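Visitor: I am attaching a structure below and will ask some questions about it afterwards.
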Amino acid sequence: MGRHSYVPKHPLFSGTQEEIAFPVPLPRQQRPPVDSALVHRPTADDVLPTGWQRLGDSRFQVSLRWRRERPRFAPVLALHSPLLIVESMRQSAILLSHTEYAVPLGQHFVMHEVHYTAYPEGLGIHVPPGEVTAEVTCSDVRGGRRITGMNCTFVFRRGGVVAARGEGRLGITSPAAYRRMRGERSDAVLPHQPAGVDPRLAGCRGPAEVLLALPAERGRWQLRVDPRHPELRCSALDHFPGTMLVNACCQAARAATAPEALYPRTMRLRFERYAEFSPACWVEARPVPTSSTVLVAFVQNGRSVLRAELTMEPLRNAGRPGGLR
4 MGRHSYVPKH
14 PLFSGTQEEI
24 AFPVPLPRQQ
34 RPPVDSALVH
44 RPTADDVLPT
54 GWQRLGDSRF
64 QVSLRWRRER
74 PRFAPVLALH
84 SPLLIVESMR
94 QSAILLSHTE
104 YAVPLGQHFV
114 MHEVHYTAYP
124 EGLGIHVPPG
134 EVTAEVTCSD
144 VRGGRRITGM
154 NCTFVFRRGG
164 VVAARGEGRL
174 GITSPAAYRR
184 MRGERSDAVL
194 PHQPAGVDPR
204 LAGCRGPAEV
214 LLALPAERGR
224 WQLRVDPRHP
234 ELRCSALDHF
244 PGTMLVNACC
254 QAARAATAPE
264 ALYPRTMRLR
274 FERYAEFSPA
284 CWVEARPVPT
294 SSTVLVAFVQ
304 NGRSVLRAEL
314 TMEPLRNAGR
324 PGGLR
């Protein structure tokens with residue numbers, strides 16, 4: 004099978020399935036970049052996939068570009084960020100939904116469940132970059148002609164070495180259904196935000212990245228975001244995006260296990276409802292005694308928003324032969 008890249012006729016259109024321009028094989032040297040509209044990112048610099056090919060009826064290979072200098076995915080000591088793994092899963096699934104399953108642009112994608120396992124020997128920033136590939140298998144495609152969701156499994160390889168495995172369950176909603184579901188919340192705006200915790204506590208490089216607010220109780224923080232945060236560049240944003248919640252999970256787990264330098268080797272998330280801009284959404288992180296597990300819960304107005312389980316492991320010698328120790 005040939006490799007593919009794809010640029011939509013009109014990058015912002017939300018047309019019907021009949022209007023979708025299906026991908027055609029192109030020689031590698033002629034492949035244009037993957038358009039940012041196909042992965043629901045605001046700029047070309049945010050795009051991780053560089054192309055894809057079909058391996059079978061429901062199996063695909065997506066090539067990706069992992070650059071350590073991306074501000075959103077700063078390395079965690081010697082390893083690529085876990086956020087890069089999750090975002091690669093998200094963008095690959097959305098790309099294949101549009102190009103291989105004829106989901107129209109303009110649809111809303113909702114993460115329901117996400118799980119990954121990281122393998123340090125494939126994530127070290129000292130390893131020669133090379134091309135990252137993801138073998139993606141799509142299953143339980145729901146909705147008939149108008150797809151409303153699917154499950155995806157992922158195996159990421161870097162230089163032939165497995166870097167991560169993951170799986171996710173996503174839902175797909177039309178713009179009209181989304182407006183009905185959101186109601187008056189669709190016009191929500193971000194209120195004034197409280198100050199963030201010390202960036203070092205959350206494992207951040209600077210105040211603009213911090214998603215946990217002061218004052219902080221032990222293991223409990225209000226979710227907050229700096230207006231300069233890059234995730235707020237997305238248009239028509241009326242709630243805290245799922246990618247931001249994943250980041251907040253990592254920050255809460257790091258803060259709960261400080262001052263140890265730990266890496267989220269595995270992460271399992273279940274999204275139960277949107278995290279609204281108001282009222283306050285609370286993030287609670289609790290290390291499980293005598294284990295490396297940290298449980299994280301997001302609660303808003305007394306209702307569960309997100310539950311997560313992370314395995315936090317030491318970073319000594321991470322990213323070099325031998326991995327985590």
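Quick note on this note's numbering: the sequence shown kicks off at 4 and runs consecutively.
C-beta: ideal position from N, C-alpha, C; glycine also.
Keep in mind the model is a prediction, meaning the values are calculated, not measured.
Starting from R268 and walking both ways along the beta strand (DSSP E), at which residues does that stretch end?
Guide: Start at 1 with the first residue of the sequence shown, and residue 268 comes out as number 265. L265 to F274 is the span of the beta strand (DSSP E), which, as asked, contains R268.
Visitor: Tell me the rounded alpha-carbon separation between E316 and L82.
Guide: What you label residue 316 is simply residue 313 of the sequence shown in a count that begins at 1. What you label residue 82 is simply residue 79 of the sequence shown in a count that begins at 1. Their Cα atoms are separated by approximately 12 Å.
Visitor: Would you kindly check if the distance between the Cβ of P244 and the Cβ of A216 is under 8 Å?
Guide: On the sequence shown, position 213 is the one that residue 216 refers to. On the sequence shown, position 241 is the one that residue 244 refers to. Contact flag unset, no.
Visitor: Assign T46 to buried or exposed, taking buried as 16 or more other Cβ atoms, counted over all protein chains shown, within 10 Å of its Cβ.
Guide: Taking the first residue of the sequence shown as 1, we reach residue 46 at position 43. Classification of T46: exposed, given that the 10 Å Cβ count is below 16.
Visitor: Helix, strand or coil: how does DSSP classify H118 here?
Guide: The residue you call residue 118 lines up with position 115 of the sequence shown. Correct three-state label for H118: strand.
Visitor: In whole angstroms, what is the alpha-carbon distance linking G174 and S100?
Guide: The residue given as residue 174 occupies position 171 in the sequence shown. The residue given as residue 100 occupies position 97 in the sequence shown. If I take the Cα positions, the gap works out to 11 Å.
Visitor: Taking 8 Å as the cut-off, decide whether the C-beta atoms of R232 and A211 are in contact.
Guide: Taking the first residue of the sequence shown as position 1, residue 232 is located at position 229. Taking the first residue of the sequence shown as position 1, residue 211 is located at position 208. Residue identity check: residue 232 is His in the sequence provided, not Arg. In this structure, A211 lies closer than 8 Å to H232 by Cβ.
Visitor: If you draw a straight line from the C-alpha of E263 to the C-alpha of S295, how long is it?
Guide: Residue 263 sits at position 260 when you count from the first residue of the sequence shown. Residue 295 sits at position 292 when you count from the first residue of the sequence shown. Answer to the nearest angstrom: the Cα atoms are 12 Å apart.
Visitor: For P218, count the other beta carbons within 10 Å of its own beta carbon; 16 or more makes it buried, fewer makes it exposed. Which is it?
Guide: By 1-based counting over the sequence shown, the position of residue 218 is 215. P218 is exposed by the Cβ-count criterion.
Visitor: Inspect the CB distances between the region 249-269 and the region 295-306 and report whether three or more fall short of 8 Å.
Guide: Taking 8 Å as the limit for Cβ pairs, the verdict is that the region 295-306 does touch the region 249-269.
Visitor: Once the 5 residues before and after E312 are set aside, which same chain residues still bring their CB inside 7 Å of it?
Guide: Translated into positions along the sequence shown, residue 312 becomes position 309. The answer, listed in chain order, is R271, T296 and L298.
Visitor: Apply the 10 Å Cβ neighbour rule to L87 and answer buried if 16 or more other Cβ atoms are within range, or exposed otherwise.
Guide: To locate residue 87, count along the sequence shown from 1; it is residue 84. With 16 or more other Cβ atoms within 10 Å, it is buried.
Visitor: Distance, Cα to Cα, R44 vs P74?
Guide: Walking along the sequence shown from the start, residue 44 turns up at place 41. Walking along the sequence shown from the start, residue 74 turns up at place 71. So the alpha carbons of these two residues sit roughly 15 Å apart.
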